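Structure record follows, encoded as structure tokens.
Protein chains in written order, with the numbering used here: chain U, 927 to 1151; chain F, 54 to 177.
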């Protein structure tokens, strides 16, 4: 019987691509957000609203990840933002290699913020580093307060969580303060935003936008120095 | 559900690691799985069953070694291990914990029988 020690990291290939992506973003002073959330949490609608506010301050670009179709990309194109769609053809997450493949399609010198909308899924995307500066979680309040405890990796690895569809409060059996406590129980450092993206009743987007603009400018400044 | 692609990686890595040996039979693959790796052991075992048949690892046993989450308390600086979320510092009961390990998936070791060495004319 022979035994050999291998000790090979199974995420090594992904992590190597992620490091390359990160290096390129760093060089160009581009801040990168990886947006995660369940299907139907409202990621794309939030992006539509957020982009129109962000664009008054910074230049954004978007990578749209989906199992199939270019529907989300078409919605983002309508916001007048450079966008590239990645279809994973059934794959449950984006990986760093998929990102590196599409990056040459962007004119990086003209981008302050790259937003990557991951495949709708609370599990696998959390395990794949794409080279981002931070992960942002979008969760609709209708998903229920037990999600942080059930999907701890997603909440632990995110810098902020957006509680979306707060307009549904009167119709769902959810105590939003309790929900926030559950989130902070898992990750006491996480920032929490509340938004509603329903046409005509949009709230909370300015707070989120202000926060993002500030950190994006910080990175731009740091890359110039 | 990325266990299938991870298992492909594991099997490819095993094959590459064994290339320099005259393998008769692979007995066991040991894989380290961090508690925060978002891996379902059953799904990884299923992927192993489904994919290993065509490889050098056919018939081997898959052993998964769970490893705990490693945290650094940003209040008192203590490094500690835990199997549970939320992480609480055993030193100061602090809650501001930076996760420093527990998301890893490693192929740790391979246990195998070599074909008769004399016959192959090789000496280890």
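Built from N, CA and C at the ideal position, the CB exists for glycine as well. From a predicted model like this one, the values you see are computed outputs, not experimental measurements.
Closest by C-alpha distance to residue 165 of chain F, out of F:56, F:76, F:59 and F:69, is F:76. Here residue 995 of chain U is exposed. Its C-beta has fewer than 16 other C-beta atoms within 10 Å.
If you check the CB distance, residue 972 of chain U and residue 1045 of chain U do not come in under 8 Å.
The beta carbon of residue 1135 of chain U is closer than 8 Å to those of 976, 979, 980 and 983 in its chain, skipping five residues each way along the sequence.
Chain U places no beta carbon closer than 8 Å to that of residue 75 of chain F, leaving this residue out of the contacts. When 8 Å is used as the limit between beta carbons, residue 935 of chain U is near these residues of chain F: 157, 158 and 159, in chain order.
Of the residues U:954, U:1118 and U:1125, the one whose Cα lies closest to the Cα of residue 1032 of chain U is U:954. A Cβ of chain U is located within less than 8 Å of the beta carbon of residue 167 of chain F. In the three-state scheme derived from DSSP, where H, G and I count as helix and E and B as strand, residue 1055 of chain U is classed as coil. If you ignore the 5 residues before and after residue 1028 of chain U, its C-beta comes within less than 8 Å of the C-beta of 989, 1010 and 1012, all in its own chain and listed in chain order. Per the Cβ contact rule, the region 1116-1134 of chain U is in contact with the region 1088-1098 of chain U (3 or more Cβ pairs under 8 Å). About 6 Å separates the beta carbons of residue 1052 of chain U and residue 91 of chain F, which is inside the 8 Å limit, making them a contact pair.
If you look at residue 1136 of chain U, you'll find it in the alpha helix (DSSP H) that goes 1131-1150. Against chain U, a Cβ distance below 7 Å from residue 139 of chain F picks out 1111 and 1112.
By the C-beta density criterion, residue 93 of chain F is exposed, having fewer than 16 other C-beta atoms within 10 angstroms.
Judged by DSSP secondary structure, residue 101 of chain F falls within the alpha helix (DSSP H) whose first and last residues are 94-105. At least one CB atom of chain U sits nearer than 8 Å to the CB of residue 66 of chain F.
Pairing residue 1036 of chain U with residue 1150 of chain U, the inter-Cα distance amounts to about 14 Å.
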